[in-house]
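S.K.: In this note's numbering, the protein residues as written are 81 to 404. Let me begin by handing over the structure; questions about it come next.
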Amino acid sequence: MSYCSIDNIARVVDVRQVLNSDLSAPANELMPSYRFKPVEPVKAAVSTPLGVPRSNTAVGADSNPAASLVALFTSFFTQLFNLLSNKTDKVVPENTPLPQVTPTVDPPAPPEPQPQPQPQPRQNFPIANLSDKRNGAKPDNIWSGFRQGPDGNCVTVSAIKAAMYKFGQSPTDIYKEVVKTNNGYRVTMRDDFVLNLTDQELKVGAAGSLFIGSDKGMLKDAQFLFAVSAKRAQMENNDGWASRSYRAAVRTLNDGEDDDGPGEGFLRLGLRKHMKRVNVRDLAKGQLGMCNRARHSVAVINGREEIYGRQGSAPTRGVAIALV
Numbered sequence: 081m082s083y084c085s086i087d088n089i090a091r092v093v094d095v096r097q098v099l100n101s102d103l104s105a106p107a108n109e110l111m112p113s114y115r116f117k118p119v120e121p122v123k124a125a126v127s128t129p130l131g132v133p134r135s136n137t138a139v140g141a142d143s144n145p146a147a148s149l150v151a152l153f154t155s156f157f158t159q160l161f162n163l164l165s166n167k168t169d170k171v172v173p174e175n176t177p178l179p180q181v182t183p184t185v186d187p188p189a190p191p192e193p194q195p196q197p198q199p200q201p202r203q204n205f206p207i208a209n210l211s212d213k214r215n216g217a218k219p220d221n222i223w224s225g226f227r228q229g230p231d232g233n234c235v236t237v238s239a240i241k242a243a244m245y246k247f248g249q250s251p252t253d254i255y256k257e258v259v260k261t262n263n264g265y266r267v268t269m270r271d272d273f274v275l276n277l278t279d280q281e282l283k284v285g286a287a288g289s290l291f292i293g294s295d296k297g298m299l300k301d302a303q304f305l306f307a308v309s310a311k312r313a314q315m316e317n318n319d320g321w322a323s324r325s326y327r328a329a330v331r332t333l334n335d336g337e338d339d340d341g342p343g344e345g346f347l348r349l350g351l352r353k354h355m356k357r358v359n360v361r362d363l364a365k366g367q368l369g370m371c372n373r374a375r376h377s378v379a380v381i382n383g384r385e386e387i388y389g390r391q392g393s394a395p396t397r398g399v400a401i402a403l404v
């Protein structure tokens, strides 16, 4: 900041002494009770302001007091303006913007893994007229545990034996669900076919199968599967006349089968999605299934035919249906 002596601006004088002496006193100035002796006007030397042309005429000699007063004020403000113009401007430093700082937010803690509920094992409630085999347990002896009797129901027998070896001996494993009702059973098959079998129909079907076997539990399961197959045959009017009655449906299963094509025994067990047509050599190599021939149908297990409760030879001919 520049500093300048006040003497460089102007000398303070009583303008009433410089101007005409007859100027009136200010209205707010108290007048004394005494009177001064009049004095003669004195010519005062006034320094010439910078930037104003020097004049040989004194201010007090100016005949126009107002012009003299204006000149004084003009000189004063000119000096003040020049003084302020020489003042160095204060440099205001620019505010440097602070970098934007993003607050660090800790990621939420991952949820603790919840233990997956373990599948509950199927409760093995006893079901009347069925064995105690459950949860895919296979027959103790697939060959002689039960076998075909004198009637011609080999298609149903071979389908039952292959299904027992694939899914387990119990109808509760071959079917999707078996529920005991007040007067019978409600069966839901793997193809979602649902039927109701009465207790009386089970007795008729079991007796009509004429199955033979030394394994009483396996025999009961096989008779149940035959009775349910007969009920579905009745509902689907097997051979065109099974819908007449349940006994009529049983007879259609005992007079030979596959009149409409191989695999009917699997279809009546609800295993449509598990059937596959294959070459007979595939069964001979060990694929599970059944082989239909003109006069007989047999289950093929571990590459061997089942012949009336005995293990036979490898199949060499016939229409082969694998159970997958």
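In this text, a Cβ means the ideal position worked out from N, Cα and C, and glycines have one as well.
Does the beta-carbon distance from Gly-398 to Asn-382 come in below 8 Å?
M.R.: Reading the sequence shown from its first residue, position 318 is the one you call residue 398. Reading the sequence shown from its first residue, position 302 is the one you call residue 382. No, they are not a contact pair.
S.K.: By how many angstroms is the C-alpha of Thr-396 removed from the C-alpha of Val-267?
M.R.: Locating residue 267 in the sequence shown gives position 187, counting from the first residue. Locating residue 396 in the sequence shown gives position 316, counting from the first residue. For Val-267 and Thr-396, the distance between alpha carbons rounds to 36 Å.
S.K.: Could you pull the start and end residues of the alpha helix (DSSP H) that Val-185 belongs to?
M.R.: As a position in the sequence shown, residue 185 is number 105, starting the count at 1. Here Val-185 belongs to no alpha helix (DSSP H), and DSSP marks it neither H nor E.
S.K.: Classify Gly-392: buried if its beta carbon has 16 or more other beta carbons within 10 angstroms, exposed otherwise.
M.R.: Counted from its first residue, the sequence shown places residue 392 at position 312. Classification for Gly-392: exposed.
S.K.: With a threshold of 16 other CB atoms inside 10 Å of the CB of Leu-333, please say whether the residue is buried or exposed.
M.R.: Position 253 of the sequence shown, counted from the first residue, corresponds to residue 333. The residue in question, Leu-333, is buried, as its Cβ has 16 or more Cβ neighbours within 10 Å.
S.K.: Please state whether DSSP places Gly-225 in a helix, a strand or coil.
M.R.: On the sequence shown, position 145 is the one that residue 225 refers to. Gly-225: coil per DSSP, three-state reduction.
S.K.: Do Leu-282 and Asn-233 have their beta-carbon atoms positioned less than 8 Å apart in this structure?
M.R.: Position 153 of the sequence shown, counted from the start, is the residue given in the question as residue 233. Position 202 of the sequence shown, counted from the start, is the residue given in the question as residue 282. Against a cut-off of 8 Å, the Cβ pair of Leu-282 and Asn-233 comes out as no contact.
S.K.: Give every residue of the same chain whose Cβ lies closer than 8 Å to the Cβ of Gly-216, excluding the five residues on either side of it in the sequence, and list them in chain order.
M.R.: Position 136 of the sequence shown, counted from the first residue, corresponds to residue 216. So the list reads Phe-247, Gly-248 and Asp-253, once near-sequence residues are dropped.
S.K.: Provide the residue(s) that pair with Gln-249 in DSSP beta bridges, ordered along the chain.
M.R.: Your numbering for residue 249 matches position 169 in the sequence shown. Answer by DSSP bridge pairing: none, since Gln-249 is not bridged.
S.K.: If Arg-312 and Phe-273 are in contact, beta carbons under 8 Å, what's the gap, nearest whole angstrom?
M.R.: On the sequence shown, position 232 is the one that residue 312 refers to. On the sequence shown, position 193 is the one that residue 273 refers to. That pair is a contact at about 7 Å.
S.K.: For Gly-285, does the three-state DSSP call read helix, strand or coil?
M.R.: Walking along the sequence shown from the start, residue 285 turns up at place 205. Here Gly-285 sits in helix by DSSP.
S.K.: Just to confirm my understanding: we take Arg-352, look at its own chain, exclude 5 residues before and 5 after, and list those with CB closer than 6 Å. What are they?
M.R.: On the sequence shown, residue 352 is found 272 positions in, with the first residue counted as 1. The answer, listed in chain order, is Asp-271.
S.K.: For the alpha helix (DSSP H) holding Glu-344, just list the boundary residues, first then last.
M.R.: Translated into positions along the sequence shown, residue 344 becomes position 264. Note, Glu-344: alpha helix (DSSP H), 344-348.
S.K.: Ala-147 to Leu-163, Cα distance in whole Å?
M.R.: Walking along the sequence shown from the start, residue 147 turns up at place 67. Walking along the sequence shown from the start, residue 163 turns up at place 83. Ala-147 and Leu-163: Cα-Cα distance of roughly 24 Å.
S.K.: The alpha helix (DSSP H) that contains Lys-296, what's its start and end?
M.R.: One-based indexing of the sequence shown puts residue 296 at position 216. 296-315 is the extent of the alpha helix (DSSP H) around Lys-296.
S.K.: Where Lys-260 and Arg-348 are concerned, what is the direct C-alpha to C-alpha distance, given to the nearest angstrom?
M.R.: Indexing the sequence shown from 1 puts residue 260 at position 180. Indexing the sequence shown from 1 puts residue 348 at position 268. Roughly 20 Å between the two C-alpha positions.
S.K.: Hey, out of Pro-219, Thr-158, Thr-184 and Ala-379, whose CA is closest to Gly-293's CA?
M.R.: What you label residue 293 is simply residue 213 of the sequence shown in a count that begins at 1. It is Pro-219.
S.K.: With DSSP run on the structure shown, which of helix, strand or coil describes Thr-396?
M.R.: Stepping through the sequence shown from its first residue, residue 396 is reached at position 316. For Thr-396, the three-state secondary structure derived from DSSP is coil.
S.K.: According to DSSP, which residues form a beta bridge with Tyr-265?
M.R.: As a first step, residue 265 is located in the sequence shown; it is residue number 185 there, counting from the start. The partner list for Tyr-265 (beta bridge, DSSP) reads Lys-260 and Leu-277.
S.K.: Hey, quick one: how far does the alpha helix (DSSP H) through Ala-329 stretch, first residue to last?
M.R.: Sequence index remark: in the sequence shown, residue 329 carries index 249 (1-based). Per DSSP, Ala-329 belongs to the alpha helix (DSSP H) from 326-333.
S.K.: If I follow the unbroken beta strand (DSSP E) through Arg-384, where does it start and stop?
M.R.: Position 304 of the sequence shown holds residue 384. Arg-384 -> beta strand (DSSP E) spans 384-387.
S.K.: Compare the C-alpha of Arg-361 against each of Val-237, Arg-375 and Ala-394 and name the closest.
M.R.: For the purposes of this step, residue 361 is identified with residue 281 of the sequence shown, where counting begins at 1. The residue with the shortest Cα to Cα distance from Arg-361 is Ala-394.
S.K.: Determine the extent of the beta strand (DSSP E) in which Ala-379 is found, giving its start and end residues.
M.R.: Taking the first residue of the sequence shown as 1, we reach residue 379 at position 299. Note, Ala-379: beta strand (DSSP E), 377-381.
S.K.: Quick one: grab the DSSP three-state call for Val-404.
M.R.: As a working mapping, residue 404 is identified with position 324 in the sequence shown. In the structure shown, Val-404 sits in coil (DSSP, three-state: anything other than H, G, I, E or B).
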